Structures are given as C-alpha cells and as structure tokens.
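Notes follow once the structure below has been shown.
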C-alpha cells in the first residue's frame, strides 16, 4: 500500500488483493480515499461489494454545435435558456462587450492569466495549468482563439479555445472571470460566443475537455452541474482511444473533500462498460441531499451514498 497526499486529500493506493483483504484499515483514520488503479474488469464485482466504485479515471464533455444557434438552444431546458438570456442581459446592462482575438496576443494572454490566477485563488485545491502552458499557447497561434469580455478597454473575463482540425472539434480549454464580475454570469455568454465562432469556422463539435473523475477534490460538483445544464454530454475518456484508464475508489471521509462530492461510475460492475451511460454517485453526510442538480440527459439517474460525519 502507498499513501499519497494529492492537493490536500490523502489517498491510499492499493492493489486488488490489498483492497479485497482490507489491508488499508490500519490507516483508515488518515485516509480520505482508497484507490485501486487499473483493476481487472473481472475484479469489479468483488470491489463493488466492499463499497468501491469502479469508474473511468477521467471524463470528457462534448456538445454538437448544431447548424444554427437557435437549434443549439432548442436542445437546452427552458430554465437554462432563461439563464442564457439573463446572462446576455447582464452584458448589456453593464456595458460589457465580447471580442474574439485570433491569434491571441501576448499582452492579452498575460492579462487573462492574471484573472485566471485570481479566479483560482479561492479554490482549496488549485492547479494553474494555463499558466504552465503560457509559452506553448503563444507558440501555436494558428490553433487558438480567445473570446474575451471587456468593460471599456479593461479585460474582465475570457475563454481560450483550441482548434483541432483532425478531430473536427474546438476545445474550450481555459476560462476565467475576474472575481469582481463573478455575479454577472459571464461564462454562459462566453461559451455561447465560443460555440458561435466554432460554428462559423465549420467545426461540428465543441469540447470542454477532460476532468479527473472525482468532483469535490480538484474540480467541484457545481462545475459538473453547470456543464450538463449548458447542453454538454459527459462520457468516459476511454471512449477516445488512448485516453484514460479505469480505477475503483472507496470514499472514506469528506474531511478534505467537498460535501457533496461526486463520482461518475460505471452502471454495472459486472457488465462491459463500453458505450454505457455513467451513473452520478453523490457522496454526502446529508441523508436528505437534493440530487436534482446531478440529474442530466447524458447520464443515468444519480444515487446518494452517505458518508459518516467526522
């Protein structure tokens, strides 16, 4: 068994034999999660019987741009269309404008990265991926465009979009909103505009990229709900050849995880998961937690797993 601290949470990494014989129990008070990496599919039922959740290690989010914006919006719920109208009204009421920059210039990128860092400062477990990739973004100008929101000449929010012709897709890689403008709901307006640019450039697919499949650690459950409401579908990263692996998690504590936390699990530990719809497994101390925020069109109905309080 190996004990790892990753972004404040403590993981016990075990093999299948150690998981099935519960050799992690002597360390249970230290651990938040017990994880089996790359377990054989034959071992999933036995692991599930002990409370482990077989799952893809990463998940991916995609949406078809649709031939027109009206057709894209028609696929959303009435409530989400109302949210988007409200976001666009916020733009107008605050005298904000959206501009597309292609290629993204160094001064604009640096201003965006400053907002990105300020945006992540409030997150308990933050990883500054965009900052680490600054030079790579500037070195690949033909594949990036930025959707930026301005108040007069001041940049207050932005999304960096990466065009992948081989996949016929645009990836919205990084988005950030100045903390002073968080209440203005600028992300919806930016995403809608990023989709518009992708459609104009004849890209049929937009991706929001991949995320670690433990919402409540590095990424939060609210992000899952937002992406689903905006019309994106979530699938196992293993749906794309060469991406991701399987693992099985046992959540022991929410001391250093969000309450609630969420895992997208395979629906049946004894069945072939290829092409299957994932199941949101929600972990909380609250036995009456409202699961409606985790109900999506692209997944099975969510279920609640109670975690004992600390």
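In the working numbering, the protein residues as written are 123 to 432.
We treat Cβ as the ideally placed atom computed from N, Cα and C, and that holds for glycine.
Keep in mind the model is a prediction, meaning the values are calculated, not measured.
DSSP places residue 405 inside the beta strand (DSSP E), whose first and last residues are 401 to 406. Linking residue 431 to residue 379 through their CA atoms gives a straight-line distance of about 12 Å. The beta carbon of residue 317 sits closer than 7 Å to those of 187, 194 and 328, all from its chain and outside the five residues before and after it, given in chain order.
By a beta-carbon distance limit of 8 Å, residue 238 does not contact residue 305. Their separation comes to about 18 Å.
Under the 8 Å Cβ criterion, the segment 365 to 384 counts as touching the segment 343 to 353, having at least three qualifying pairs.
Here DSSP, grouped into helix, strand and coil, assigns residue 144 to coil.
Residue range 228 to 242 is occupied by the alpha helix (DSSP H) that includes residue 238, with no beta strand (DSSP E) assigned at that position.
Bounds of the alpha helix (DSSP H) holding residue 166 are 166 to 171. When the alpha-carbon of residue 197 is set against those of 354, 214 and 371, the nearest one is in 354.
In this structure, the straight-line span from the alpha carbon of residue 307 to that of residue 216 is close to 12 Å. The Cβ neighbour count for residue 192, taken over all protein chains shown within 10 Å, is under 16; the residue is labelled exposed. Secondary structure of residue 422 (DSSP, three-state): coil. In this structure, DSSP gives residue 174 a state outside helix and strand, which the three-state scheme calls coil. Spatial neighbours of residue 303 in its own chain (CB-CB distance under 7 Å, excluding positions within 5 residues in sequence) are listed in chain order as 278 and 279.
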